[in-house]
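Novice: According to numbering that gives the first Met the number 0, the sequence shown is numbered sequentially starting from 0.
Where a beta carbon is used, it is the ideal one built from N, C-alpha and C, also for glycine.
Input: one structure, supplied below.
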Amino acid sequence: MEQQEIMQQAKDIWNKTSEHISHYLDLKEGIMESEFVQVVGDSVKFVGFVRNTTALIMQKRFESFLKGFNPTQQPTEKQMQKLIDYIDDESKAEFIADTFSKIMLAQSSEACLLMGTILNTMVENKETLAHDDLICVQALSNFFNYDIKNYRFIYEFITRVGKDGKARTSSILEGKIFNEAVLNEGLDKKSLLLTVEKAVTYQLLMKYNVVEVDIPDETPSIGSSADVDEYYKANNPGVLLHSHILKCSLYN
């Protein structure tokens with residue numbers, strides 16, 4: 000049986016089954032009168048409501064993914080064939096399947112949009128599955144819309160151009176300059192710091208300490224002091240994610 004025929008058959012089975020279940024879920028009123036059955040029926044309807052709501056959310060997530068996968072129009076048969084052709088080994092098959100499952104369970108429609116863009120880039124360029132892609136998709140599956148907005152600000156603050164005209168590669172995310180930048184963008188500092196920790200956890204940012212020691216020449220044992228500052232630097236997956244955020248024109 001052809002792959003397309005199998006997919007159509009699966010779709011038909013799902014639609015018929017859903018219609019059949021919905022039909023029975025709606026047959027509460029006027030059939031059973033007992034208080035117990037009434038409560039059970041209400042529970043069943045609630046489960047049906049949750050199921051339908053979940054389906055709507057999943058549909059929204061998948062629509063966002065498709066928009067990222069093909070920004071100009073609905074994915075064409077040719078493009079979908081490219082995706083199928085891209086899957087030529089077990090690791091790619093696992094990655095695509097895992098990405099689809101992450102889309103369905105994602106916390107953010109914008110994250111799904113970005114996953115679609117990442118996947119489209121890989122398919123169009125026939126790229127080998129890379130560690131950076133895996134990290135990006137994993138991080139996005141745990142990002143809220145807030146995190147994506149915050150991450151763009153954080154990345155661009157870290158890599159901002161200094162007075163010498165050169166882009167920085169790391170920065171302290173505290174102090175007067177940082178606080179003023181947060182205020183100017185109208186962002187929530189507490190929310191930003193939550194995103195920072197999430198970005199570190201999912202390997203988009205790297206955190207390291209810099210120790211500055213002040214030892215007086217005259218009395219080194221008395222007046223010595225040390226300051227420890229936390230610096231943040233974007234890893235390669237973090238750079239990749241920012242490039243896709245720009246490509247999708249999110250939070251310009």
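State the CB to CB distance for the pair Ile171 and Glu229, rounded to an integer number of angstroms; the pair is presumed to be in contact (CB under 8 Å).
Specialist: The residue labelled residue 171 in the question sits at position 172 within the sequence shown. The residue labelled residue 229 in the question sits at position 230 within the sequence shown. So it is a contact: roughly 7 Å between Cβ atoms.
Novice: Considering only C-alpha positions, which residue in the set Gly115, Leu191, Glu179 is nearest to Ile147?
Specialist: Taking the sequence shown and counting its residues from 1, the one referred to as residue 147 is at position 148. Comparing Cα positions, the closest option is Leu191.
Novice: Give me the Cα-Cα distance between Arg151 and Leu113, rounded to the nearest whole angstrom.
Specialist: The residue labelled residue 151 in the question sits at position 152 within the sequence shown. The residue labelled residue 113 in the question sits at position 114 within the sequence shown. Their backbone Cα atoms lie some 13 Å apart in a straight line.
Novice: Using DSSP's beta-bridge definition, name the partner residues of Glu229.
Specialist: Counting from one through the sequence shown, the residue named residue 229 turns up at place 230. In the DSSP output, where bridge partners are listed per residue, Glu229 has Asn208.
Novice: Per the contact definition of three or more C-beta pairs closer than 8 Å, is the region 193-204 in contact with the region 96-107?
Specialist: Touching, no.
Novice: Are the region 176-185 and the region 129-137 in contact at 8 Å, needing three or more beta carbon pairs?
Specialist: Output reads no: the region 129-137 does not touch the region 176-185.
Novice: Quick check on Ile176: buried or exposed, where buried means 16 or more other Cβ atoms within 10 Å of its Cβ?
Specialist: Within the sequence shown, residue 176 is the residue found at index 177, counting from 1. Looking at its Cβ environment, which holds fewer than 16 other Cβ atoms inside 10 Å, Ile176 is exposed.
Novice: Restricting to Cα atoms, I'd like to know which of Tyr154, Asn251, Gln106, Leu186 is closest to Pro236.
Specialist: As a working note, residue 236 is residue 237 in the sequence shown. It is Tyr154 whose Cα lies nearest to the Cα of Pro236.
Novice: Could you compute how far the alpha carbon of Val238 sits from the alpha carbon of Leu203?
Specialist: The residue given as residue 238 occupies position 239 in the sequence shown. The residue given as residue 203 occupies position 204 in the sequence shown. Approximately 8 Å between the Cα atoms of the pair.
Novice: In three-state terms, what does DSSP make of Ser190?
Specialist: Counted from its first residue, the sequence shown places residue 190 at position 191. Here Ser190 sits in helix by DSSP.
Novice: Measuring CB to CB, does Leu118 end up less than 8 Å from Phe68?
Specialist: Within the sequence shown, numbered from 1, the residue matching residue 118 stands at position 119. Within the sequence shown, numbered from 1, the residue matching residue 68 stands at position 69. Cβ atoms of Leu118 and Phe68: closer than 8 Å.
Novice: For the alpha helix (DSSP H) holding Ser140, just list the boundary residues, first then last.
Specialist: The sequence position of residue 140 within the sequence shown is 141, counting from 1. No alpha helix (DSSP H) holds Ser140; DSSP gives it neither H nor E.
Novice: Are the CB atoms of Leu65 and Ala275 within a distance shorter than 8 Å?
Specialist: Residue coverage of the chain in this structure runs from 0 to 251, which leaves residue 275 outside it and unanswerable.
Novice: Does the Cβ of Asn149 have 16 or more other Cβ atoms within 10 Å, making it buried, or fewer, making it exposed?
Specialist: Residue numbering aside, residue 149 sits at position 150 when the sequence shown is read from its first letter. With 16 or more Cβ atoms within 10 Å of its Cβ, Asn149 is classed as buried.
Novice: Given a cut-off of 8 Å on the beta-carbon distance, is the pair Leu61 and Ile102 in contact?
Specialist: Here residue 61 is taken as the residue at index 62 of the sequence shown, counted from 1. Here residue 102 is taken as the residue at index 103 of the sequence shown, counted from 1. The residue you asked about is not Leu; residue 61 is Phe in the sequence shown. Their beta carbons are under 8 Å apart, which means Phe61 touches Ile102 by this criterion.
Novice: Flag Lys206 as yes when its Cβ comes closer than 7 Å to any non-hydrogen atom of the ligand MG, and as no otherwise.
Specialist: The ligand MG is not among the ligands present in this structure, which contains no ligands whatsoever.
Novice: State the start and end residues of the unbroken alpha helix (DSSP H) segment that holds Gly185.
Specialist: In the sequence shown, residue 185 corresponds to position 186, counting from 1. Premise fails: Gly185 is in no alpha helix (DSSP H) and is neither H nor E.
Novice: Classify Ala129 as helix, strand or coil using the three-state DSSP reduction.
Specialist: The residue you call residue 129 lines up with position 130 of the sequence shown. The answer is coil: DSSP assigns Ala129 none of H, G, I, E or B.
Novice: Within this structure, are the beta carbons of Thr127 and Ala233 separated by less than 8 Å?
Specialist: Position 128 of the sequence shown, counted from the start, is the residue given in the question as residue 127. Position 234 of the sequence shown, counted from the start, is the residue given in the question as residue 233. Going by C-beta atoms, Thr127 is not nearer than 8 Å to Ala233.
Novice: Buried or exposed: where does Ser100 fall if 16 or more other Cβ atoms within 10 Å of its Cβ makes it buried?
Specialist: Along the sequence shown, one-based indexing puts residue 100 at 101. The residue in question, Ser100, is exposed, as its Cβ has fewer than 16 Cβ neighbours within 10 Å.
Novice: In whole angstroms, give me the CA-to-CA distance for Ile244 and Gly115.
Specialist: Within the sequence shown, numbered from 1, the residue matching residue 244 stands at position 245. Within the sequence shown, numbered from 1, the residue matching residue 115 stands at position 116. One C-alpha to the other measures close to 12 Å.
Novice: Taking the straight line between their C-alpha atoms, what separation do you get for Asn141 and Lys77?
Specialist: Translated into positions along the sequence shown, residue 141 becomes position 142. Translated into positions along the sequence shown, residue 77 becomes position 78. Straight-line Cα distance between these residues: approximately 31 Å.
Novice: Name the DSSP bridge partner or partners of Val160?
Specialist: Locating residue 160 in the sequence shown gives position 161, counting from the first residue. For Val160, which the question treats as bridged, DSSP gives the partners Ala166.
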